[in-house]
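K.L.:
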Amino acid sequence: MIKLAVVTSAACCVLILSKQLAAAPARVDAGVPHQSELRSDLLSQHSIDLSLAEAVSLGLRRNYSIRSLKLQRLREKFDLLVADDLFNPKLKLSGTHRLSRGSVDSSRSTGITPKVSLLGEYGTNIDLSWNQQLNATKNSGDMSSDGLGLTLTQPLLRGAGKEVTTAPLRLAKLTEQVNQLNVKASVSKTVYDIIAAYRTLMKSQTQVTLAMEALGRAVSLLNINKQLIGAGRVAEFDVVQIEADIATQELAVEEAKNQLAASRLVMLKLLALDLETPVRASDTLQVTRLDIDQATALKVAQARQPQYLATLLQSEQASINLLVAQDRGRWDVSLVAGVNQQRDNHSINGSNRTWDIYTGLKLEIPIGDISIRQAKVNAQTLVEQQQLYQEEALIDLKRQITDSVRGLNTLWRQLEISQRVMDLSRRKLSIENDKLNAGRSSNFQIISFEADLRAAEDANLSAKISYLDARAQLDVLLGVMLESWEISLESF
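According to mature numbering (1 follows the signal peptide of the UniProt record, and there is no 0), the stretch in the sequence shown is residues -23 to -1, 1 to 469, in order.
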């Protein structure tokens, strides 16, 4: 089970905010900020740091899809419980009570009949019943009777054999295995969505920081130019292009802040938290290379990927359904044996006891029922379709593995190149600033190199996020996402 820290700071922050807001004055004056403005200021001052591990832990408890999945599993587990009860004894209790009045006599009768049925793994059906009747009349006297009956039915053709009789139970167990694989796939996808949203939030936060740094550098360049103007080394109109660049950087800052707010809302929705919760991604971007070859990845995926394994189980289900459909077309020939014992007590005529034993054969031949052939045709075609689906699933899995591993290696090379471009752009800008201080460069050149650095920083940030996202997608494809995070599905 994942051992992650519980995010308690969110509840504490909300409690503090509620107390502060409750203490604020209710009236609204011209010089006093509105209560919603106070709330906004407080939220901005109490940012809640959230690590990726805490986000995943919180999502596993609060995410709407996860909670809905747990409710669905209650139904699926009960379906399996019903199937497991197939070979357990079934008790049925029935009773009657009747009052009658006629021209000759009136009577009151009461009857009770408990019955136990048991199905064996080879199709044997045993019925044990006990019948008791009490009949009281006004003129003819009272009579009571009780009897015990035992019936054994053994199919010889249709429904005979362990393979056919246990088919419903085996189908139910295969269905449960498919359901468990679907749970693994659903939880893995939800965890991936949380991870992707968290890293998008990290990217948005970093973009705000980079935009602010670029704006700061533009302002510093403006201050330097003002000093040069004061010294008479630069004309006043040269600062116009710097002021235009500052406006551009301010626009970039506003856009980055807007994107940050949108990313935070996506994160909060996945965690099922209040959309006003001021969470902040506290992790740092750390990228390490994953070395994996296609053959190893394919072997792992064939053993663990839920969708592929579910396809194999569905092929097995189709084979069992074909067996059941073929059995339905057989003649119903059954051996029937039983024993009955009856005892009657009459208030006038005394008591009487009887018993009998019987054996025989039961024969039922379906004639002209084309629905039987319909079931066989449907089951046979489904078996052949599942074989095609299985072959297609393997080919598709190989294709996805090949694309994913190749794409991961490509993204790593792009990350290395973007890192080199960013380092060179920073060095290039630093050299150009030194040249500007020496009077050997221009504002236009500085602004141009500044734009190159901003583009390189954005490209490097996007390359890091893309590589981490591709690694998470590969974990989902291989079916090892839950193992990577030490997540257990025992609670599902």
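Built from N, CA and C at the ideal position, the CB exists for glycine as well.
Do the region 72 to 85 and the region 162 to 171 make contact, defined as three or more Cβ pairs closer than 8 Å?
P.N.:
In short, these stretches do not touch, since the Cβ pair count stays below three.
K.L.:
Using 8 Å as the cut-off, can you tell me whether the region 275 to 295 makes contact with the region 366 to 378, which would need three or more C-beta pairs spanning the two stretches below that distance?
P.N.:
Result yes; three or more Cβ-Cβ pairs closer than 8 Å.
K.L.:
Could you tell me if S468 is buried or exposed, where buried requires 16 or more neighbouring beta carbons within 10 angstroms of its beta carbon?
P.N.:
It counts as exposed.
K.L.:
Using a Cβ-Cβ cut-off of 7 Å (strictly less than) and excluding sequence neighbours within five positions of K47, which residues of its own chain qualify?
P.N.:
Same-chain partners within the cutoff: F469.
K.L.:
My understanding is that K353 touches Q303, with C-beta atoms under 8 Å, so please give their C-beta distance in whole angstroms.
P.N.:
Rounded, the Cβ-Cβ distance is 6 Å, consistent with contact.
K.L.:
By a C-beta neighbour count over all protein chains shown, 10 Å radius and 16 as the cutoff for buried, is L438 buried or exposed?
P.N.:
By the neighbour-count rule (16 or more Cβ atoms within 10 Å), L438 is buried.
K.L.:
So the beta strand (DSSP E) Q110 belongs to, where does it begin and stop?
P.N.:
Run containing Q110: 102 to 114, per the beta strand (DSSP E) assignment.
K.L.:
Given 8 Å as the limit, is there contact between the region 116 to 128 and the region 33 to 42, that is, 3 or more CB pairs closer than that?
P.N.:
At 8 Å Cβ cutoff, the stretches do not touch.
K.L.:
How many Å lie between T101 and R305 at the Cα?
P.N.:
Rounded to the nearest angstrom, the two C-alpha atoms are 17 Å apart.
K.L.:
So I172 is in the alpha helix (DSSP H); what residue range does that whole segment cover?
P.N.:
That run of the alpha helix (DSSP H) goes 144 to 207.
K.L.:
Mapping the DSSP letters down to three states, classify A258 as helix, strand or coil.
P.N.:
The answer is strand: DSSP assigns A258 an E or B state.
K.L.:
Rounded to a whole number of angstroms, what is the C-alpha to C-alpha distance between V457 and I378?
P.N.:
If you take the alpha carbons of V457 and I378, they lie about 14 Å apart.
K.L.:
Ignore the nearest five residues each way along the sequence and tell me which others in L308's own chain have a CB closer than 6 Å to its CB.
P.N.:
One detail in the question is off: residue 308 reads as Trp in this sequence, not Leu. Closer than 6 Å at the Cβ level, and outside the excluded window around W308, lie L134, I342.
K.L.:
Between the beta-carbon of A229 and the beta-carbon of A195, is there less than 8 Å?
P.N.:
Not a contact, by the Cβ cut-off of 8 Å.
K.L.:
Assign E427 to one of two classes, buried (16 or more other C-beta atoms within 10 Å of its C-beta) or exposed (fewer than that).
P.N.:
Per the 10 Å Cβ criterion, buried.
K.L.:
Give the range of the beta strand (DSSP E) segment to which T73 is assigned.
P.N.:
Per DSSP, T73 belongs to the beta strand (DSSP E) from 67 to 78.
K.L.:
By alpha-carbon positions, which one of L459, M179, G36, L96 ends up nearest to R281?
P.N.:
The option with the nearest alpha carbon to R281 is L459.
K.L.:
Can you tell me which of P91, A173, A449, N108 puts its alpha carbon nearest to the alpha carbon of S381?
P.N.:
It is A449 whose Cα lies nearest to the Cα of S381.
K.L.:
Within a Cβ cutoff of 7 Å, which residues of the same chain sit near A258, ignoring the five residues on either side of it in sequence?
P.N.:
Correct list, in chain order: L27, Y175, L178, M179, Q182.
K.L.:
What whole-angstrom Cβ distance do L127 and L105 have, given they're in contact under 8 Å?
P.N.:
The pair is a contact, with the Cβ atoms about 5 Å apart (cut-off 8 Å).
K.L.:
Can you tell which of Y335, D56, K203, T225 has its C-alpha closest to the C-alpha of M189?
P.N.:
Here the closest residue by C-alpha is T225.
K.L.:
If I follow the unbroken alpha helix (DSSP H) through R85, where does it start and stop?
P.N.:
Taken as a continuous stretch (DSSP letters only), R85 belongs to no alpha helix (DSSP H), being part of the beta strand (DSSP E) at 83 to 96.
K.L.:
Could you compute how far the alpha carbon of R241 sits from the alpha carbon of D429?
P.N.:
Rounded to whole angstroms, R241 to D429 spans 29 Å at the Cα level.
K.L.:
Among G337, D61, Q110, R50, which residue has its Cα nearest to the Cα of H74?
P.N.:
Closest option to H74, Cα to Cα, is Q110.
K.L.:
If you draw a straight line from the alpha carbon of A415 to that of T387, how long is it in whole angstroms?
P.N.:
Approximately 42 Å between the Cα atoms of the pair.
K.L.:
Under 8 Å by Cβ, that's how I've got R50 and V185 pegged, so tell me the actual separation to the nearest angstrom.
P.N.:
With a Cβ gap of about 41 Å, R50 and V185 do not count as contacting.
K.L.:
How close, in whole Å, do the beta carbons of D333 and N317 come, if the pair is a contact with beta carbons under 8 Å?
P.N.:
That belief holds up - the Cβ atoms of D333 and N317 are roughly 5 Å apart, short of 8 Å.
K.L.:
Ignore the nearest five residues each way along the sequence and tell me which others in G442's own chain have a CB closer than 7 Å to its CB.
P.N.:
Per the sequence presented here, residue 442 reads as Ile, with Gly not at that position. So the list reads R176, K180, once near-sequence residues are dropped.
K.L.:
Which residue marks the beginning of the alpha helix (DSSP H) containing R404, and which one marks its end?
P.N.:
Here the alpha helix (DSSP H) through R404 covers 347 to 414.
K.L.:
When you compare only the Cα positions, how much space is there between F214 and N420?
P.N.:
Rounded to the nearest angstrom, the two C-alpha atoms are 11 Å apart.
K.L.:
Do L312 and K375 have their CB atoms nearer than 8 Å?
P.N.:
Cβ distance not < 8 Å, so L312 and K375 don't count as in contact.
K.L.:
Could you check what DSSP says for L459 in three-state terms: helix, strand or coil?
P.N.:
Note: L459 maps to helix in three-state DSSP.
K.L.:
What residue range does the beta strand (DSSP E) around A137 cover?
P.N.:
Unbroken run through A137: none, as it is neither H nor E.
K.L.:
Using 8 Å as the Cβ pair cut-off and three pairs as the minimum, do the region 85 to 103 and the region 255 to 270 touch?
P.N.:
Counting Cβ pairs under 8 Å, fewer than three are found: no touch.
K.L.:
Round the Cβ separation of L454 and Q294 to the nearest angstrom and send it over; I've been treating them as touching at under 8 Å.
P.N.:
Contact doesn't hold; Cβ gap of about 24 Å is too wide.
K.L.:
Closer than 8 Å by C-beta to V398: which residues in its own chain qualify, once you throw out the five before and the five after it? Chain order, please.
P.N.:
Cβ within range, chain order: A433, A436, N437.
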